[in-house]
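> Before I ask anything, here is the structure I am working with.
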Amino acid sequence: MSDVPTHHPLYDPAALEAKWQARWSERRTNEPELDRPARPFYNLMMFPYPSAEGLHVGNMFAFTGADIYGRFKRLQGYDVFEPMGFDAFGIHSENYALSIGTNPAQLIPKNIANFRRQLKRFGGMFDWRHELSTTDPAYYKWTQWLFLQLFHAGLAYKKRAAVNWCPKDKTVLANEQVINGRCERCDTPVEQRFLDQWFFRITDFAQRLLDNLDKLDWSSSTVALQRNWIGRSEGAELVFETPGGPKITVFTTRPDTVFGATYLVLAPEHPLVTDLIAVEQRAAVKGYQREVQAKDVVARRVGDKTKTGVFLGSYARNPATGESIPIWIADYVLMEYGTGAIMAVPAHDKRDFEFATQFELPIRQVVKTDGEPLPSVSEEGTLMNSGAFDGATCREGGRKIVAWLAQRGTATPRVQYRLHDWCISRQRYWGPPIPIIYCERCGPVAVPEKDLPVELPFIEDFRPDDTGISPLARHKEWYFVKCPDCGDQGRRETDVSDTFLDSAWYHLRYPSTEFADRPFDPARTKTWLPVSTYIGGNEHAVLHLLYSRFVSMVLKDLGHIHFEEPFPKLRAHGLIVKDGSKMSKSRGNVVVPDAYIQQWGADTFRMYLMFLGPFQEGGDFRETGIVGIRRFLDKVWTLAHEALTPGASPGKSESVERKLHQTIRKVGADTESLNYNTAIAAMMEYVNELREQGARSKEQVEPLVIMVAPYAPHFAEELWELLGHKRSVFEEQWPRHDEGLAAAGDVEIAVQVNGKLRSRLTVPRGMPQDDVVARVLADEAVKKFVDGQKVKKVIYVQDRLVNLVV
RNA sequence: GCGACCGUGGCGGAAUUGGCAGACGCGCCAGCCUUAGGAGCUGGUGGGGCAACCCGUGGGGGUUCGAGUCCCUCCGGUCGCACCA
C-alpha cells in the first residue's frame, strides 16, 4: 500500500468486510420473504461435500459465479432465495473418518462448521435460515420417505446382480462411479461380484429423460453428455432357431446386414448356454466360462481387446438365408446390453471381423463398399448378396428385411438404451439406512412412515469387511426388530442408500427446512420450484442431474409435485485447474482460498476469480494479476470519495455520459449471460474514461457502484453508505441505460479499398451512404489507392465500414 | 473407435457472430515523483521496415467486396463415453 498521504481513508477490506457481514446478518438482508414473494427467484448452486480440507478455490469459483448471478437478479427486483447446504453422507467422508480413526458423525459437524465459516467469509448471499445437511435425521427421514415412495410405486426392487465391487472401499459402485474399470474414489480396479442389491427402475424413464432434454435450457455440453449416457439406439430383435433347441434372440442395430450373419455369439453367462452345449464341447465351454468369471471387470472391459471365445458345438438357422451357422460364446458380448446375444456380421463390424479372422469363421460381404477394405461399417451403401433385397439402400433394405422377417415372427423392431437401472444400495455405514424390514412370513416390508426416520445408530466399529454385508448388521439391538405387519421377529435392511439419492431432492427441501412433518411444503414448493437457475459443474452431468430428473418425474407422477423437470435452466461452469491439471489432493496442487482472502479481501479475490477467464470455461489459477483487480477497486474507491468533495465533480461530459450508458448496457448483458470477465473489463473501461475526463460526479459514480455490487458486495455496500444512502445497495435497482445516449455522437468508420484498410473517417452516426462515400472519395489516403480507377462496387455497412472495390 | 469442444502477442484473454484483430488485465520498457520503489502518476508495448508500406489468429486449400469467425483437409490439444452389437 502507498504511504503517500491521501485526503480520504484507504480501502481496508478486512475491517469493511467484517462490518458488512455482521450487518447483513443483523438486518436479515439475505433472507427473502418465502411465503408471499412478489417475484420469486430460486438461485441454486450445487451444494458441497464438506471435506476436512475445507472449501477450495474450485468451490469458491463456482459459488462466486452463482452468487454474482443471484445478486444481479436481486438488483433487477427479484426476491432471490439463495440457499446453501452440505452433502455430507457418503464414502468419501467415511473413508476419511476411517483413516483418522474417528466416527464420521463426530467429524462432519466440524467440517461443516469450517465450511460455514468460509462461505460466510467469502460473502455469499446465502439465506442461512434454510441451511441443510443430508446427514441430519430431519433431512434423511425424507430421503427414506422418498425411497418408500418408489418402493410402493413398484419402482424399487431387489435382485441378485453382477455388480461392481471395489475391493479397497469394500462396497458396490454404480456404473457411473466406475471410471475405466476403476473405482472413481480410490482408483482401485473394480471386481465383479454377485450380490442382492436395491435398484430403481430409471430405465423405465429413459425415453422421457431423453425427450425432455429438447425442452431444457441447459449448457449444450451437459445435454450432450446426458444424451450419450442414455444411449438410445434403434434396431431390431431377430430370432434364430436351433434344431430341437431353444430360440436365440439377438439385438442388432443393423438388421440390413442379416444376410451376412455367419455365426452367433452369446455372452459367456447367457442362461441358454447350458442348453446349447454339444457334449464334446462341454469341457472347453465350462473352462472358458470359469476363465471369464475369474477375470475382473478391468481385464474384461479395458484390458487388451484380443478376442477370446469358444465354439458351443451347436448351430442355429439364419432366419434370412436359412443357413445353419455356428454358435459361440465370447466375452466381447456383454450380458447387460441388449439380449446378451448377437448375430455376428464380420464383414461389417470391426469386432466381429477380428473374431472371425482369429477363429477362421466365414466372412460374407453384404454391403457394397467402393473398394474400401473390410470391415466396412458404413450405413451409406447398397445391399448385395441379400436375395430379393439386393440393390436397396442400407436404411431402406433394413426396414424391408425387418418387415419381411416380422411376418414370419422372427423379427421385432426394438429400441435399446445403454442406461442401466440405478443401483442404490451400499454395504457401508455412513448413509441413510434403507427403510425396509425383512420378515420370514411377510418378506420385505416397508418401515411405516410414522416410524421414520430409521436412525443411523452411532457405532464404534463401522469398518466395512469383505462379506459384502453392511457393518450395521453387527449392531444387534438395531438389527433385530418386529415386523411392522405381523409382529414376528424381523431384521432390518442393513444397506444404506447411495449419496446420490440424498442430493436428488435437496432442492425440494431448501424452501421447507422448517417443516418437520413434511418433506416439502406444497405452497412453498408451488411458489419456489422448479429452480430458476441452477449453476454447477459438469462433473455431475450424468450422475446427480440424471437422478434428480428421474426423481422429479416419479414425484410428479405420484402427484407430489407440479413439474417433472426440476432444473429448466442450467449452466455449467468451467473447471479451475492449476498448472494445467485438475486440482487434487494426490497431485498436491489444491489451492485453498483462505490465505488469499486474508491478504486481499473477499471482494478482490471474488472478482479476480471471475476475471481469470470465461466463467463457463474455467481457467488456470495463477496469482499474478490479482493486483490488477485491487488497483481497479482502489480507483473506484478514490472516485467515490472524490465524488463527495464539493466542487471536485466537473460536471457532465458527453463522452462520459455515452460511455456510462454503453457500460450499463454491456455489464447488464454480460452479467446475465455469465460473461463476467468481459463485464469486469467494461467496468474498467468506464473507470478509465472517468479518470481521463476528470469526471467524478455522484451521478457518474453511483451507477458504477451498483454495477460492481454483485461482484464486490461488501465494497459496494461501504461506498453506497459513504455516498449518503441508508439502505443496502441491494435494495436498489440495476441502472437503466438509454439506447439513444449510448448511441449518440460521432462514429469512426473503417475505410477499405479492395478489402484492405486504408483510412479511418469520423462521421455523425447514421450518416447516409452517399454522403459518407463522397467524403471517402475526397480522402487523400483513399485517392492514392483508387488512383483514377473505376470504382466497381461500394460496400457500405452503416456506422461501421466502407469498402471500395476497384 | 464414438461424441463434444478448443488452437489469437511474453501471459490470461477480447472481438456486437462475416465488417478496423489484439478490448481489459498481468508482465515488460521509458519518463515523472521519490533517500528508495515490490507505491502512485504519464506514455509506450503483435512482428518486420528509416519510411511509404508489408506480414500476421496452428498448417494448407476454398467461398466472399471482406474470414479469427463459414466450408474442406491436415496437424496439435482437452473432456466425456468406450468390445453397447
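Under my numbering, the first residue of the first sequence is numbered 301, with each subsequent residue one higher. Even glycine gets a Cβ: it sits at the ideal position worked out from N, Cα and C.
Among residues of its own chain, excluding the 5 on either side of isoleucine 642, which ones have a beta-carbon nearer than 6 Å to its beta-carbon?
One-based indexing of the first sequence puts residue 642 at position 342. Once the five neighbours on either side are set aside, the close Cβ partners of isoleucine 642 are Val550, Val565, Val633.
> Could you tell me which residues DSSP pairs with phenylalanine 389 in its beta bridges?
Sequence index remark: in the first sequence, residue 389 carries index 89 (1-based). For phenylalanine 389, which the question treats as bridged, DSSP gives no partner whatsoever.
> Check whether the Cβ atoms of threonine 443 and serine 797 lie closer than 8 Å to each other.
As a working mapping, residue 443 is identified with position 143 in the first sequence. As a working mapping, residue 797 is identified with position 497 in the first sequence. Yes, the Cβ-Cβ distance between threonine 443 and serine 797 is below 8 Å.
> Where does proline 673 fall in DSSP's three states?
Taking the first sequence and counting its residues from 1, one reaches residue 673 at position 373. In the structure shown, proline 673 sits in coil (DSSP, three-state: anything other than H, G, I, E or B).
> With 16 other CB atoms within 10 Å as the buried threshold, where does lysine 750 fall?
On the first sequence, residue 750 is found 450 positions in, with the first residue counted as 1. Exposed is the call here.
> Under 8 Å, do asparagine 1103 and glycine 1055 count as touching if we go by C-beta distance?
Start at 1 with the first residue of the first sequence, and residue 1103 comes out as number 803. Start at 1 with the first residue of the first sequence, and residue 1055 comes out as number 755. In contact: asparagine 1103 and glycine 1055 (Cβ atoms closer than 8 Å).
> What would DSSP say about alanine 656, mapped onto helix, strand or coil?
Counted from its first residue, the first sequence places residue 656 at position 356. Three-state result, alanine 656: helix.
> Would you be able to state if there are at least three C-beta pairs under 8 Å between the stretch 328-345 and the stretch 875-888?
No, because fewer than three Cβ pairs between the stretch 875-888 and the stretch 328-345 fall closer than 8 Å, the two stretches do not touch.
> Compare the C-alpha of alanine 322 against each of Glu382, Ala352, Lys420, Asn411 and name the closest.
In the first sequence, the residue the question calls residue 322 occupies position 22. Among Glu382, Ala352, Lys420, Asn411, the Cα nearest to that of alanine 322 is on Lys420.
> State buried or exposed for glycine 603, treating a residue as buried only when at least 16 other CB atoms are found within 10 Å of its CB.
Numbered from its first residue, the first sequence carries residue 603 at position 303. The predicted position of glycine 603 is uncertain, since its pLDDT is 49 and thus under 50; no value can be drawn from it.
> For the beta strand (DSSP E) that lysine 1056 lies in, which residues bound it at each end?
If you number the first sequence from 1, residue 1056 lands on position 756. Unbroken beta strand (DSSP E) run through lysine 1056: 1056-1064.
> Using DSSP with H/G/I as helix, E/B as strand and the rest coil, what is tryptophan 529?
Against the first sequence, residue 529 aligns to sequence position 229. Looking at tryptophan 529 - three-state DSSP - the assignment turns out to be helix.
> Out of Gln1089, Pro1013, Phe758, Val1094, state which residue places its alpha-carbon closest to the alpha-carbon of alanine 1074.
Translated into positions along the first sequence, residue 1074 becomes position 774. Minimum Cα distance to alanine 1074 is reached at Val1094.
> In or out: valine 304 buried (at least 16 other Cβ within 10 Å) or exposed?
Working through the first sequence from its first residue, we reach residue 304 at position 4. Only weak support is given to the placement of valine 304: the predicted model assigns it a pLDDT of 38, under 50, and the value that follows is read from those uncertain coordinates. It counts as exposed.
> Measure the alpha-carbon distance for glutamine 526 versus leucine 510 and round it to whole angstroms.
In the first sequence, residue 526 corresponds to position 226, counting from 1. In the first sequence, residue 510 corresponds to position 210, counting from 1. Distance between the alpha carbons of glutamine 526 and leucine 510: 8 Å.
> Kindly provide the ranges of any beta strand (DSSP E) runs that are 3 or more residues long and lie completely inside the stretch 874-898, ordered along the chain.
DSSP runs (the beta strand (DSSP E)) wholly in the stretch 874-898: 875-878.
> Measure the Cβ-Cβ separation of alanine 578 and glycine 544 and say whether it is below 8 Å.
Working through the first sequence from its first residue, we reach residue 578 at position 278. Working through the first sequence from its first residue, we reach residue 544 at position 244. No, the Cβ-Cβ distance between alanine 578 and glycine 544 is not below 8 Å.
> Alpha carbon to alpha carbon, how far is leucine 398 from alanine 438?
Indexing the first sequence from 1 puts residue 398 at position 98. Indexing the first sequence from 1 puts residue 438 at position 138. Whole-angstrom Cα-Cα distance: 25 Å.
> Given this structure, state the Cα-to-Cα distance separating aspartate 736 from glutamate 541, to the nearest angstrom.
Taking the first residue of the first sequence as position 1, residue 736 is located at position 436. Taking the first residue of the first sequence as position 1, residue 541 is located at position 241. Note that residue 736 is isoleucine in the sequence shown here, rather than aspartate. Between isoleucine 736 and glutamate 541, the C-alpha separation is close to 44 Å.
> For tyrosine 378 and alanine 338, what's the separation of their Cα atoms in angstroms?
In the first sequence, the residue the question calls residue 378 occupies position 78. In the first sequence, the residue the question calls residue 338 occupies position 38. In a straight line, the C-alpha of tyrosine 378 is about 8 Å away from that of alanine 338.
> With a threshold of 8 Å on Cβ separation, who are the neighbours of alanine 816 within its own chain once the five nearest residues in sequence on each side are excluded?
To locate residue 816, count along the first sequence from 1; it is residue 516. Excluding residues within five positions, the ones whose Cβ falls inside 8 Å are Ala438.
> Under three-state DSSP, which class holds leucine 473?
As a working note, residue 473 is residue 173 in the first sequence. Note: leucine 473 maps to strand in three-state DSSP.
> Taking a contact to mean a Cβ-Cβ separation below 8 Å, would you say leucine 375 touches isoleucine 926 in this structure?
Residue 375 sits at position 75 when you count from the first residue of the first sequence. Residue 926 sits at position 626 when you count from the first residue of the first sequence. Not in contact: leucine 375 and isoleucine 926 (Cβ atoms no closer than 8 Å).
> Should cysteine 723 be labelled buried (16 or more other beta-carbon atoms within 10 Å of its own) or exposed?
Working through the first sequence from its first residue, we reach residue 723 at position 423. By the neighbour-count rule (16 or more Cβ atoms within 10 Å), cysteine 723 is buried.
> For aspartate 802, tell me which candidate among Gly901, Glu654, Asp504, Val851 has the shortest Cα-Cα distance.
Position 502 of the first sequence, counted from the first residue, corresponds to residue 802. With distances taken between Cα atoms, aspartate 802 lies closest to Val851.
> For isoleucine 548, count neighbouring Cβ atoms within 10 angstroms of its own Cβ and tell me buried if that reaches 16, exposed if not.
Here residue 548 refers to the residue found at position 248 of the first sequence. Looking at its Cβ environment, which holds 16 or more other Cβ atoms inside 10 Å, isoleucine 548 is buried.
> For glycine 622, which of helix, strand or coil comes out of DSSP?
Counting from 1 along the first sequence, the entry for residue 622 is found at position 322. Coil.
> Measure from the alpha carbon of glutamate 623 to the alpha carbon of each residue in Val754, Ser686, Asp652, Ile629, then state which is nearest.
On the first sequence, position 323 is the one that residue 623 refers to. When each option's Cα is compared against that of glutamate 623, the closest is Ser686.
> Compute the distance between the beta-carbons of leucine 1112 and threonine 813, then report whether it is under 8 Å.
Nothing can be reported for residue 1112: it is not among the residues displayed for the chain, which extend from 301 to 1106.
> For phenylalanine 381, tell me which candidate among Phe372, Phe389, Asp387, Ala388 has the shortest Cα-Cα distance.
Numbered from 1 along the first sequence, position 81 holds the residue referred to as residue 381. Checking every option, the nearest Cα to that of phenylalanine 381 belongs to Phe372.
> Since I believe methionine 345 is in contact with alanine 318 (beta carbons under 8 Å), could you give me their beta-carbon distance rounded to a whole number of angstroms?
In the first sequence, residue 318 corresponds to position 18, counting from 1. In the first sequence, residue 345 corresponds to position 45, counting from 1. The pair is not a contact, with the Cβ atoms about 24 Å apart (cut-off 8 Å).
> Taking threonine 606 as the reference, give the member of Thr657, Gly560, Ile412, Asn359 with the closest Cα.
Stepping through the first sequence from its first residue, residue 606 is reached at position 306. Selected option, being the one with the closest Cα: Thr657.
> Roughly how many angstroms lie between the CA atoms of serine 351 and phenylalanine 447, to the nearest whole one?
Locating residue 351 in the first sequence gives position 51, counting from the first residue. Locating residue 447 in the first sequence gives position 147, counting from the first residue. In a straight line, the C-alpha of serine 351 is about 26 Å away from that of phenylalanine 447.
> When burial is assigned at 16 or more other CB atoms within 10 Å of the CB, is proline 673 buried or exposed?
Mapped onto the first sequence, residue 673 falls at position 373. Exposed is the call here.
> Reducing DSSP to helix, strand and coil, say where methionine 346 ends up.
Taking the first sequence and counting its residues from 1, the one referred to as residue 346 is at position 46. The answer is coil: DSSP assigns methionine 346 none of H, G, I, E or B.
> Tell me the start and end of each unbroken beta strand (DSSP E) in the stretch 1078-1104 that is at least 3 residues and wholly inside, in chain order.
As far as the stretch 1078-1104 is concerned, its whole beta strand (DSSP E) runs of at least 3 residues are 1093-1097.
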